[in-house]
Structure formats: structure tokens, C-alpha cells
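Counting along the sequence shown from 1, when you hit position 66 you're at 103 in the working numbering, and nothing is skipped either side.
Idealized CB from N, CA, C, for every residue including glycine.
These numbers come from a predicted model, not from an experiment.
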Amino acid sequence: MPMQLDAHVNTLRCSWCGKIIHGDPITVKTCCNNKPWVFCSKQCYNMWVREWLRRQEQKTGEKRKTLL
38 MPMQLDAHVN TLRCSWCGKI IHGDPITVKT CCNNKPWVFC SKQCYNMWVR
88 EWLRRQEQKT GEKRKTLL
């Protein structure tokens, strides 16, 4: 799961939507990426988490049909 950081990162734009960050950014780090992601709002963060969780799910194959 993504971990929110309290560190201040010197970025001006949101990593998800690209908007300029005016207030206090939300900084998140996962085990999959080396640099933290910075978000302008809780809405951008939630959209990113949904997409990130979707990518983390394992794909399953088709159901097997019974032999008899």
C-alpha cells in the first residue's frame, strides 16, 4: 500500500494531473517507485490509488471447463 510521507518535496506540479500546487502537497511513496509522487489534492490522490490498486491485482486466466 502507498505510504504518505511528511517530507516536503520541491515540486511545483501534481504528479497525476499536472496542475500547479498552491497549498500543502500530499506526498506518497510506494515500494514500486524510487521517487515520491506529489499530489495537489485528495481527489487526485484517490484517483491515483484506484489506478495503482487496479494495476496491483493479479490477472486470472479463464475458468476451466469440466472434462465430463
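Non-local C-beta neighbours of LYS79 in its own chain, meaning closer than 8 angstroms and more than five positions away in sequence, comprise ILE63, ordered along the chain. By the C-beta density criterion, CYS81 is buried, having at least 16 other C-beta atoms within 10 angstroms. With fewer than 16 neighbouring CB atoms inside 10 Å of its own CB, CYS69 falls in the exposed class. Under the three-state reduction of DSSP output, TRP85 falls in the helix class. Residue VAL86 holds the alpha-carbon nearest to the alpha-carbon of GLN41 among LYS56, GLN93 and VAL86.
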